[in-house]
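Peer 1:
Protein chains: 2
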Amino acid sequence: MTRKKQILKTAAQLFKERGYSAVTMRDLAAAMDMKAASLYNHISGKQEILSVLILDIAHEFTGGMSMVKDEDNAAFAKAESLINLHINIALSHTDALAVMNTDWMHLEGRPYEEYVKLRKQYERDFKAILEHGIQQGEFKSMSVETILFSMLSTLRSIYLWIPRKSPSEIKSLKLELPDLLLEGLKC
Amino acid sequence: MTRKKQILKTAAQLFKERGYSAVTMRDLAAAMDMKAASLYNHISGKQEILSVLILDIAHEFTGGMSMVKDEDNAAFAKAESLINLHINIALSHTDALAVMNTDWMHLEGRPYEEYVKLRKQYERDFKAILEHGIQQGEFKSMSVETILFSMLSTLRSIYLWIPRKSPSEIKSLKLELPDLLLEGLKC
DNA sequence: GTCTATAGTTGGATAGAC
DNA sequence: GTCTATCCAACTATAGAC
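Which chain is which? The protein sequence lines are A and B, in order. Quick note: the first sequence uses numbering that gives the first Met the number 0, first residue 0, plus one each step. Quick note: the second sequence uses numbering that gives the first Met the number 0, first residue 0, plus one each step.
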């Protein structure tokens, strides 16, 4: 792993615990057993760390979404794929995902605009899949806004739940979450 | 409204938007059309603002929970009451609730310990109600942890959803959320 | 109760030696 | 690539005049 990747990984851990604004470059350097000045040989500044962490994850989601959109499946199966997408990213990139969810508003300039754009597009795509499911009679006829809100709230919180749980509890989650989220939607 | 309450209200708005660490006493003073030094005639410091905002809301939740525990109702009705508790607090104290959910880790000393204690107790009580519902055969037999996680994730996110919505969409939420969250739990 | 002035600390970032 | 030393801006909070 390159030095830059080590810095990004360590920063993700610290930002997750204390939040972007509360972590100093000196804190980050200390956690890496170096001095703050040395960090700048690998990254241009604190903002670069934040934007790399967040935009990488954001692109994981939009990449996953475009795969799901291309599936030749009904809305129900697509919703299942999206649940798995969220679980898999939460498992493989827990810290960076936490940073994205809690510190995106500290992005500045272009990266901020980019993130907001990606997030809006993701929500639009998610909503379209749910709407299609309702039109086709796969899902109950209720407010799409309410369904979208409830599903996304749960999916976006998985990262909070995962680090506290055993592998067997995570297996339960993978098994039961599609049921729990989609059962209430069936006609 | 006393000057202190005005300060707390304004602080809640700013903390919600930018996070506790990113808001300075100068920012807060400017938003109140005064100088930073003048704030200290009303509050002892930045930490006091944070702890008052957060612990007030935390006590709203524990107070609500103790009412629900005393209800002479089945688990299903109690769960419904808890959903309403979350919706009502999210409606009446949107900003302070946002601060509690995102900035509690910036509490220091006693208030931090107090908040963590209240939150743990709330989750224990919530879990006990769900477990009781499963034992009595009101709810499906699935992992309580998964149900608790999914319900609390949605309920704790309501404050994010509310400011973007019209009164009629909020009515939909009030009407449909109990259904959506509890339907998947029925046997 | 609000102000100006400022103390005392800490932040991100750079310069230049090794 | 890491260090020491340092710049300078910004932070919380206090002192004391009005």
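Every residue gets a Cβ at the ideal spot worked out from N, C-alpha and C, and that includes glycine.
1. What is the DSSP secondary structure of residue 116(A), counted as helix, strand or coil?
2. Measuring CA to CA, which of 82(A), 35(A), 110(A) is closest to residue 60(A)?
3. Excluding sequence positions up to five away, which residues of its chain have a Cβ less than 7 angstroms from the Cβ of residue 131(B)?
4. If residue 95(B) sits next to residue 56(B), beta carbons under 8 angstroms apart, how far is it from one beta carbon to the other, in whole angstroms?
5. Could you name the residues of chain A that residue 99(B) contacts, counting a contact when the two beta carbons are closer than 7 angstroms?
6. Of all the options 50(B), 31(B), 0(B), which has the alpha carbon lying nearest to the alpha carbon of residue 110(B)?
7. Counting only beta-carbon separations shorter than 8 angstroms, does residue 17(A) have a partner in chain B?
8. Take residue 120(B) as the anchor and find which of 64(B), 84(B), 144(B) has the nearest alpha-carbon.
9. Could you say if the stretch 86-94 of chain A and the stretch 141-148 of chain A meet the contact criterion of at least three C-beta pairs nearer than 8 angstroms?
10. Using DSSP with H/G/I as helix, E/B as strand and the rest coil, what is residue 164(A)?
11. DSSP three-state label for residue 185(B), please.
12. Per the DSSP calculation, residue 138(A) is bridged to which residue(s)?
13. In chain order, what residues of the stretch 129-157 of chain B put their CB closer than 9 angstroms to some CB of chain A?
14. Excluding the five sequence neighbours on either side, which residues of its own chain have a C-beta within less than 8 angstroms of the C-beta of residue 37(A), listed in chain order?
15. Thinking C-beta only, is residue 79(B) closer than 8 angstroms to residue 166(B)?
16. Please identify the residue among 26(A), 62(A), 127(A), 108(A) whose C-alpha is closest to the C-alpha of residue 47(A).
17. For residue 9(B), name the three-state secondary structure that DSSP assigns.
18. Beta carbons nearer than 7 angstroms to chain B: which residues of the stretch 99-120 of chain A have them?
19. CA-CA distance, residue 104(B) and residue 141(A)?
20. Using the Cα positions of residue 138(B) and residue 152(A), report the straight-line distance between them to the nearest angstrom.
21. Just the chain A side, please: which residues come within less than 7 angstroms of residue 21(B) by C-beta, in chain order?
22. Checking contacts by CB at 8 angstroms: is residue 44(B) closer than that to chain A?
23. Looking only at its chain, what residues have a beta carbon closer than 7 angstroms to the beta carbon of residue 5(B), apart from the 5 residues adjacent to it on each side?
24. Let's test the definition: count the other Cβ atoms within 10 Å of the Cβ of residue 69(B) and tell me whether it reaches 16, buried, or not, exposed.
25. Between which residues of its own chain and residue 117(A) is the CB-CB distance below 6 angstroms, once the five residues before and five after are set aside?
26. Please list, in chain order, the residues of the stretch 36-69 of chain A that have any C-beta partner in chain B closer than 9 angstroms.
27. According to DSSP, is residue 107(A) part of a helix, a strand, or is it coil?
28. Whose Cβ in chain B lies nearer than 9 angstroms to the Cβ of residue 171(A)?
29. So, for residue 41(B): in the same chain, excluding its five sequence neighbours on each side, which residues have a beta-carbon less than 7 angstroms away from its beta-carbon?
30. Quick one: list the residues of chain A neighbouring residue 182(B), beta-carbon separation under 8 angstroms, in chain order.
Peer 2: So, from the listed chains and residues:
1. Taking the first sequence and counting its residues from 1, the one referred to as residue 116(A) is at position 117. The answer is helix: DSSP assigns residue 116(A) an H, G or I state.
2. Numbered from its first residue, the first sequence carries residue 60(A) at position 61. Residue 60(A) has its Cα closest to that of 82(A), out of 82(A), 35(A), 110(A).
3. Here the question's residue 131(B) lines up with position 132 in the second sequence. So the list reads 74, once near-sequence residues are dropped.
4. What you label residue 95(B) is simply residue 96 of the second sequence in a count that begins at 1. What you label residue 56(B) is simply residue 57 of the second sequence in a count that begins at 1. 5 angstroms between Cβ atoms; contact.
5. On the second sequence, residue 99(B) is found 100 positions in, with the first residue counted as 1. In chain order: nothing, as chain A lies at least about 14 angstroms away.
6. For the purposes of this step, residue 110(B) is taken as residue 111 along the second sequence, with counting starting at 1. Residue 110(B) has its Cα closest to that of 50(B), out of 50(B), 31(B), 0(B).
7. Translated into the one-based positions of the first sequence, residue 17(A) becomes position 18. It does: the Cβ of residue 17(A) has a partner Cβ on chain B nearer than 8 angstroms.
8. If you number the second sequence from 1, residue 120(B) lands on position 121. Answer by Cα proximity: 64(B).
9. In this structure the stretch 86-94 of chain A does not lie against the stretch 141-148 of chain A, because fewer than three pairs of beta carbons, one per stretch, are closer than 8 angstroms.
10. In the first sequence, counting from the first residue as 1, residue 164(A) sits at position 165. Coil at residue 164(A), not helix or strand.
11. Position 186 of the second sequence, counting from 1, holds the residue named residue 185(B). DSSP places residue 185(B) in strand when its eight states are reduced to three.
12. Here residue 138(A) is taken as the residue at index 139 of the first sequence, counted from 1. BP columns for residue 138(A) point to 185(A).
13. Within the stretch 129-157 of chain B, the residues whose Cβ lies closer than 9 angstroms to some Cβ of chain A are 139, 141, 142, 144, 145, 146, 148, 149, 150, 151, 152, 153, 154, 155, 156, 157, listed in chain order.
14. Taking the first sequence and counting its residues from 1, the one referred to as residue 37(A) is at position 38. Scanning its chain for C-beta atoms nearer than 8 angstroms, with the 5 sequence neighbours on each side dropped, one finds around residue 37(A) the residues 28, in chain order.
15. Start at 1 with the first residue of the second sequence, and residue 166(B) comes out as number 167. Start at 1 with the first residue of the second sequence, and residue 79(B) comes out as number 80. Their beta carbons are not under 8 angstroms apart, which means residue 166(B) does not touch residue 79(B) by this criterion.
16. Here residue 47(A) refers to the residue found at position 48 when the first sequence is read from its first residue. The shortest Cα separation from residue 47(A) among 26(A), 62(A), 127(A), 108(A) belongs to 108(A).
17. Position 10 of the second sequence holds residue 9(B). Of the three classes helix, strand and coil, the one that applies to residue 9(B) here is helix, per DSSP.
18. For the stretch 99-120 of chain A, the set of positions with a beta-carbon nearer than 7 angstroms to some beta-carbon of chain B reads 101, 104, 105 in chain order.
19. As a position in the second sequence, residue 104(B) is number 105, starting the count at 1. As a position in the first sequence, residue 141(A) is number 142, starting the count at 1. Here the alpha carbons of residue 141(A) and residue 104(B) stand approximately 37 angstroms from one another.
20. Here the question's residue 138(B) lines up with position 139 in the second sequence. Here the question's residue 152(A) lines up with position 153 in the first sequence. If you take the alpha carbons of residue 138(B) and residue 152(A), they lie about 22 angstroms apart.
21. For the purposes of this step, residue 21(B) is identified with residue 22 of the second sequence, where counting begins at 1. Against residue 21(B), the close residues of chain A are 20, 105, in the order they occur along the chain (beta-carbon pairs closer than 7 angstroms).
22. The residue you call residue 44(B) lines up with position 45 of the second sequence. Interface criterion not met: the Cβ of residue 44(B) is under 8 angstroms from no Cβ in chain A.
23. Within the second sequence, the letter at position 6 stands for residue 5(B). Cβ-Cβ distances below 7 angstroms link residue 5(B) to 31 in the same chain, with the five nearest sequence neighbours on each side left out; the list follows chain order.
24. Counting from one through the second sequence, the residue named residue 69(B) turns up at place 70. Residue environment: residue 69(B) is assigned as exposed (fewer than 16 neighbouring CB atoms within 10 Å of its CB, all protein chains considered).
25. Along the first sequence, one-based indexing puts residue 117(A) at 118. Within the same chain, residue 117(A) has close Cβ partners 57, 61.
26. Correct list: empty, as no residue qualifies.
27. The residue given as residue 107(A) occupies position 108 in the first sequence. Annotated three-state conformation of residue 107(A) is coil, per DSSP.
28. If you number the first sequence from 1, residue 171(A) lands on position 172. Chain-order list of chain B residues neighbouring residue 171(A): 141, 142, 144, 145, by C-beta distance under 9 angstroms.
29. Sequence index remark: in the second sequence, residue 41(B) carries index 42 (1-based). Excluding sequence neighbours, residue 41(B) sits near 2, 3, 6.
30. Along the second sequence, one-based indexing puts residue 182(B) at 183. Taking the beta carbon of residue 182(B) as reference, the chain A residues within 8 angstroms of it are 182, 183, listed in sequence order.
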